[in-house]
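FYI, in this note's numbering the residues of the sequence shown are 297 to 401.
I have placed the structure first, in the form of structure tokens, so that the comments after it can refer back to it.
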Amino acid sequence: MSDDLDPVALTRRLIAVDSVNPALVPGGAGEAARTEAHRATTGPPPLRRGEPSWTDCALLHAAGIDTVLFGVDGGGAHAAREWVSVASVHTLTRTLASTATAYTA
Numbered sequence: 297m298s299d300d301l302d303p304v305a306l307t308r309r310l311i312a313v314d315s316v317n318p319a320l321v322p323g324g325a326g327e328a329a330r331t332e333a334h335r336a337t338t339g340p341p342p343l344r345r346g347e348p349s350w351t352d353c354a355l356l357h358a359a360g361i362d363t364v365l366f367g368v369d370g371g372g373a374h375a376a377r378e379w380v381s382v383a384s385v386h387t388l389t390r391t392l393a394s395t396a397t398a399y400t401a
């Protein structure tokens, strides 16, 4: 069996090239603007957590572009019953507008 079809060889190759490169750079301008905008909109600081998935933010981060990934409250991402809290959509809208204003000022 060739390495391309052998599941053990393929798994070893995937593990060898896989890496974890957290994108959060505490104190970055984007993160600071988003944190302040979130506080101004909601009161408390934003919840910070890691996600076990990849997004195109990794490409921006790798290019040296300050990147912040955040969104609405909800569940079932990409599933048949995906949902979001309408209140969190309104909060996100205000936070995004405030972040963009602060970051580009």
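Cβ atoms here follow ideal geometry from the backbone N, Cα and C, with glycine treated the same way.
Cβ atoms of residue 364 and residue 390 stay farther apart than 8 Å, at about 16 Å. Judged by DSSP in its simplified three-state form, residue 371 adopts strand. Counting C-beta pairs with one atom in each stretch, the region 342–357 and the region 376–388 have fewer than three that are closer than 8 Å, which means they do not touch. Note on the region 326–385: there is no whole beta strand (DSSP E) run with a minimum of 3 residues.
Taken atom to atom, the span from the alpha-carbon of residue 346 to that of residue 381 is near 20 Å.
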